[in-house]
Structure formats: structure tokens, C-alpha cells
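Heads up: the sequence lines are chains A and B, in that order.
Counting in the numbering used here, the first sequence runs without a single skipped number right up to 288 at its last residue.
Counting in the numbering used here, the second sequence runs without a single skipped number right up to 288 at its last residue.
Backbone N, C-alpha and C define an ideal beta-carbon position, used for all residues, glycine too.
All figures in this text were calculated on a predicted structure; none of them were measured in a lab.
Read the structure below first, then the notes.
Number of protein chains: 2
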Amino acid sequence: VLPESAERLECVRVNGRPDQQVSPFDRALHFGDGLFETVACRRGRPRFLSLHLERLRWGCGRLGIDGGDFDDIRLEILALAREIDAAIVKVVLTRGTALARGYGVTGQEKATRITFRYAWPKETGAESQEGVQARTGSLRLGENPALAGLKHCNRLEQILARREWTDPGITEALLFSSSGKLVSGTMSNVFIVDSAGLRTPRVDQCGVAGVMRRVVLREAAGAGIPVREDVLDAGDLQKADEVFLTNARIGIWPLRALDGRAMRIGPVTRQLQASLRPLLEEPVDA
Amino acid sequence: VLPESAERLECVRVNGRPDQQVSPFDRALHFGDGLFETVACRRGRPRFLSLHLERLRWGCGRLGIDGGDFDDIRLEILALAREIDAAIVKVVLTRGTALARGYGVTGQEKATRITFRYAWPKETGAESQEGVQARTGSLRLGENPALAGLKHCNRLEQILARREWTDPGITEALLFSSSGKLVSGTMSNVFIVDSAGLRTPRVDQCGVAGVMRRVVLREAAGAGIPVREDVLDAGDLQKADEVFLTNARIGIWPLRALDGRAMRIGPVTRQLQASLRPLLEEPVDA
Chain A
3 VLPESAERLE CVRVNGRPDQ QVSPFDRALH FGDGLFETVA CRRGRPRFLS LHLERLRWGC
63 GRLGIDGGDF DDIRLEILAL AREIDAAIVK VVLTRGTALA RGYGVTGQEK ATRITFRYAW
123 PKETGAESQE GVQARTGSLR LGENPALAGL KHCNRLEQIL ARREWTDPGI TEALLFSSSG
183 KLVSGTMSNV FIVDSAGLRT PRVDQCGVAG VMRRVVLREA AGAGIPVRED VLDAGDLQKA
243 DEVFLTNARI GIWPLRALDG RAMRIGPVTR QLQASLRPLL EEPVDA
Chain B
3 VLPESAERLE CVRVNGRPDQ QVSPFDRALH FGDGLFETVA CRRGRPRFLS LHLERLRWGC
63 GRLGIDGGDF DDIRLEILAL AREIDAAIVK VVLTRGTALA RGYGVTGQEK ATRITFRYAW
123 PKETGAESQE GVQARTGSLR LGENPALAGL KHCNRLEQIL ARREWTDPGI TEALLFSSSG
183 KLVSGTMSNV FIVDSAGLRT PRVDQCGVAG VMRRVVLREA AGAGIPVRED VLDAGDLQKA
243 DEVFLTNARI GIWPLRALDG RAMRIGPVTR QLQASLRPLL EEPVDA
């Protein structure tokens, strides 16, 4: 059933113990009341672990989740990364269980930490080198500043958006918000390059503040490329000279076509790919 | 820890078996990828069971979830209701488990059904008789027609909205959408009565198409009260002669104050409460 591109599960731990069971009272199950991080690991080391933990801690603060001991989370990710050459470690941190019905929290909840390791999917490097094809999604993302930026567990929008196409030649859909602003892909952030420099949509109304997005913004600024988080629309996307996608696993994937229209993979994309490569292949926690 | 108003858990079944465990790969846990129903049960019988099952089936269709055998769901709710005088049965129906990472679905997922029975909370009837106090919430609900109306498991907005107050004298917050339209409470639908008759917000941009909301619309129409699903704003709420809340458990709770301003509990509210009473106290499946 699973395609070769699937990231197959290797192991799972619940609250630090090898376990295959979660309480049916967990609030993530009822309400998506939790956060997650997807940490790409290479050569036994997680990429950008501090940035992932920083975002997770920020999310806990925003949602009022007591995330427990972050050193435990850090050590667990390091341990799961250590034995393998390439894997994805996913951490789901939920608000915990509830023994009464309803949305209200007592403040006594104790976070549930579920940690998964998935095999790195088979890949040839073609996506990075030759680029990928994307389409414009028709689902519009709802806007809510209270949730914007967070990698939270309310992801029905992304699931519905991913269901809009089955063509395996299409890698990603670019999504707009209900007010018509460009936001992101279903599982990636998006950057455009034009005469204004390098820009990526703000994530203050919806979207996820991706760790790779942050790294690319930092690397670009360090290389002297003019860079800005901005309000972007379909016109900006249409007129862009270069467009690329980012996420923790893929790094940078250039767009070679959008809705069937061929696009050029340009010099800014190539420069940033080159500057990222050592960070992705030989992770140091920076 | 739990207040007397809490609905304490009595029992739980997973896929029809008494069980305390759910797979950590369930997509509801990762993404809130599921739906739920909250069925109030009195004198051994569930209220409006067919309407709950109809909405659940509609939600499965909208999200592309294969919900399995709905007769099983029906029989399980009936069985859980049978032994007790008053309880809440909650059914969570998720898309099922995934052994690969990511938002995409294979189409082979098999739904997970988790059924809970909660004790009916202690209540004196004061809320129905004397009304409740509400406040205006500051969180604005994101708008997405693809999810609007569904009782899905992406409920972080409601959780954050419920966290805005702790005063036990306040029962509910009324919420507006990102475009400034009145939507609902955090756990209830809202109706207003004014010279235009009885109106409740449309749920085509956000909000939940509540079963009790539907019953009230039906009963009002049957009683010859002019009734409409409408686009409502803060002005409509401000000018309303009567305001009341509905959900499957509470039936109709009148507002006796909003943001500290006293409100009158009016004749339309009282008429509808009287017409609902037999349906709530002696449920027949209609």
C-alpha cells in the first residue's frame, strides 16, 4: 500500500517508554490539542535541534501547555537519532489527558510526549537538482492570529488540501488564505525571488513558522541577499523569477513548474542550496 | 480537581471493545483527523440519535473518512444509554491509523471508533429557568467553508477561547469570526430574537451545525415563529430582545446577561423551552 516515497515507521515511544498505546482520554485525540516537531536526522545527529525545541517551547507558551522537561525531549531525540544514518524523528507533545468532557482545562494536565522515528524515504536527489512540480490548491486556509505560526495538531486543512490531487508527478500544492494571501504549501514553506529580493509569506495570520524557513532566512541574510517576510499574493507568485519550497526534511526544493507552467531554477535558489548543504548533510546544532 | 459541573468519565470502548488504549499512530492524535458527536441520553434513551448519526455520516463524506458500519455505532450508543437515567455519550470517529508520516491518506485507512460515557453533571435547572451569563470572547474564529458546520476534532480555537475566562459565574463566551460575524459560543450555538423573528448564525464559513440548533429551528418553524439562518454581527446581538444558547445537553439556556449588561428572558425563548421539554426529558428518536 505504501509508496516508496512514504516515510515508514520504525519505532515509537510514549512518555519515554517503548509503547504502542496512548490513552483514549488524551486531548490531542479529542481536539488536536497538542504540538509537534519533525526533526530530520542525518549521520546520527538531528538537524537544528535547538530551533525545533525553541519553537516547541514557544508553542507551549502560546497554547498554555505545560510541556514538561525539555531536557528529556532533547535527550530522547538525540538518542533516536544516534543509531541511524538518516531518519525523521517526530515528537508529538499533547496537553495530556482529561477525565471530564469539554474544552476547558484544569491546569493540572500533564503533557503526553510521543516520539516516532520514521525511515528516510527513498530519494535520488532529483527534487533538489531538477526541481519539483506544484499546483495551486483550491482550499483556502482560515486565518487566526492566535494559532498562526504554530506547528499544532489541528491539521484538517492540510489533509483536505493534500486530498485535492493524486498525480504522483505533483509534489506540492501552494495554498492561499481566506483573504487571498499566499501562505505556504501543504507541508512546506514557500519562498519567491524577484526584483524585491527573497521573500516568504508572513505567518502571522496562518501558516507554520518552519524551522527550515527560519534557517533559510538566516542564511540568506548572512549571504547579503535582501530578504523579507512579506504579504504576498497570486500576482507576486505569478511574476516571481524563482520559487522554492522548504521544510525540515527536504531543505530547499526548487519549483520547475507551477500549474503546468515551466519555471526557471535560478541563481539565488542554487546559492542557498549550496550554502545549506553542509548544514543538512553534517548537522551541527546551529 | 474536577468541579461539580464536570462531566466525569464512566466508561470507554475502543472499536466496540472495553479498552483503555488507542494506537499512537491514530491520525486524530497527530492531526485531529476525525469527527465527534455528543449525544445526551435520558431515561435510558439517546436524544435525537438519527440526527447525530446523520451529521456524522455527512461529516465523513465531507472529510473523505470511511466511517465503517453506522449500525454498529447506533447500537453501541443505544447500549451505553440503556442502563442509565442521565448521561452523555461521546463518539469519536477518526480516519484511523497511519504507518507512514504526512498528511496524505492512502484510502486504505480503517476508522477508529471510540465511545465514552460521561456522568450527567450536577445541575439544579437554574440555568434553564434563570438564564446564564455570557461574555464576548476576544478570539476570532478562522473561516473555512471546507470545514464549516462539521463537528470535527480540530478544536484548538475553542480551547483557547475557553481559556479566556475563569470566573465560574460566566457560562459561555460568544465568538465572532475573523470577518466580524457572530458565530456561536465555545460549546453552544446561539440564537437571537428581535423584530426579524428568530435567527441564528449561518454555519457556512465557520461554526458547528449543532443538532439542538437544528431541532430548535425545526420546532420554531413548526410553531409558526419566523426563523432564519442569517449573517449576524455585533449590532444584531446588541439590539436583540432575547438571546439563548443551545447544545445537545443543555437544550436552551437563556442569556440573562452579556458582558455584565442584564438581558430579559423573553416569550419566544420560554415558548421554545416549553415545546422542547418533552423531547429532552422523554427522548424518542425524532
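Same chain, Cβ closer than 7 Å to residue i, five either side skipped, listed in chain order
i, result
"R47/A", "A83, P285"
"L55/A", "F72, I75, R76"
"S52/A", "D287"
Closer than 8 Å to chain A by CB, residue i
i, result
"R154/B", "The question names Arg, yet the displayed sequence has His at residue 154/B. Interface residue, yes."
"Q135/B", "no"
"G106/B", "yes"
"G66/B", "yes"
"A366/B", "With chain B running from 3 to 288 in the structure shown, residue 366/B is simply not present."
"S52/B", "no"
"S180/B", "yes"
"R215/B", "no"
"A8/B", "yes"
"G144/B", "yes"
"R165/B", "yes"
"L141/B", "yes"
"T138/B", "no"
Exposure of residue i, with buried meaning 16 or more beta-carbon neighbours within 10 Å
i, result
"V14/A", "buried"
"T271/A", "buried"
"Q110/B", "exposed"
"V185/A", "buried"
"G253/A", "buried"
"L37/A", "buried"
"V195/B", "buried"
"E159/A", "buried"
"E145/B", "buried"
"Q275/A", "buried"
"V233/A", "exposed"
"R251/B", "buried"
"S197/A", "exposed"
Beta-carbon proximity of residue i to residue j, cut-off 8 Å
i, j, result
"L143/A", "C208/A", "yes"
"P280/A", "I116/B", "no"
"L200/B", "P170/B", "no"
"V94/A", "I79/A", "no"
"N156/B", "G34/A", "yes"
"R59/B", "F72/B", "yes"
"S277/B", "A225/B", "yes"
"G139/B", "L257/B", "no"
"G127/B", "D28/B", "no"
"E39/B", "A89/B", "no"
"A102/A", "E9/A", "no"
"A175/B", "A136/B", "yes"
"V91/B", "R119/B", "yes"
"T108/B", "N191/B", "no"
"R204/B", "E231/B", "yes"
"L177/A", "T188/A", "yes"
"A150/A", "D238/A", "no"
"L31/A", "A30/B", "yes"
"V210/A", "K153/A", "yes"
Proximity test, Cβ basis, 8 Å: residue i and chain B
i, result
"P26/A", "yes"
"D35/A", "yes"
"E174/A", "no"
"H32/A", "yes"
"I90/A", "yes"
"A94/A", "A small correction: the amino acid at residue 94/A is Val; Ala does not occupy that position in the sequence shown. So yes, V94/A belongs to the interface."
"T248/A", "no"
"G212/A", "no"
"E129/A", "no"
"R103/A", "yes"
"I161/A", "yes"
"V16/A", "yes"
"Q275/A", "no"
"L58/A", "no"
"L158/A", "yes"
"I79/A", "no"
"L11/A", "yes"
Contact set for residue i: own chain, Cβ-Cβ below 6 Å, skip 5 residues either direction
i, result
"K112/A", "G98"
"D261/A", "R137, T138"
Residues near residue i by beta carbon distance below 8 Å, same chain, minus five either side
i, result
"S181/B", "E145, Q207"
"E85/A", "G46"
- Let me know the beta strand (DSSP E) ranges lying completely inside the stretch 110-155 of chain A, each 3 residues or longer, listed in chain order. The qualifying runs are 114-121, 134-143.
- Which runs of the alpha helix (DSSP H) fall wholly inside the stretch 183-228 of chain A and span at least 4 residues, in chain order? Entirely contained in the stretch 183-228 of chain A, the alpha helix (DSSP H) runs reaching 4 residues are, in chain order, 213-224.
- Fully enclosed by the stretch 42-93 of chain A, which alpha helix (DSSP H) runs are 4 residues long or longer? Counting whole runs of 4 or more residues, the stretch 42-93 of chain A contains the alpha helix (DSSP H) stretches 51-65, 72-84.
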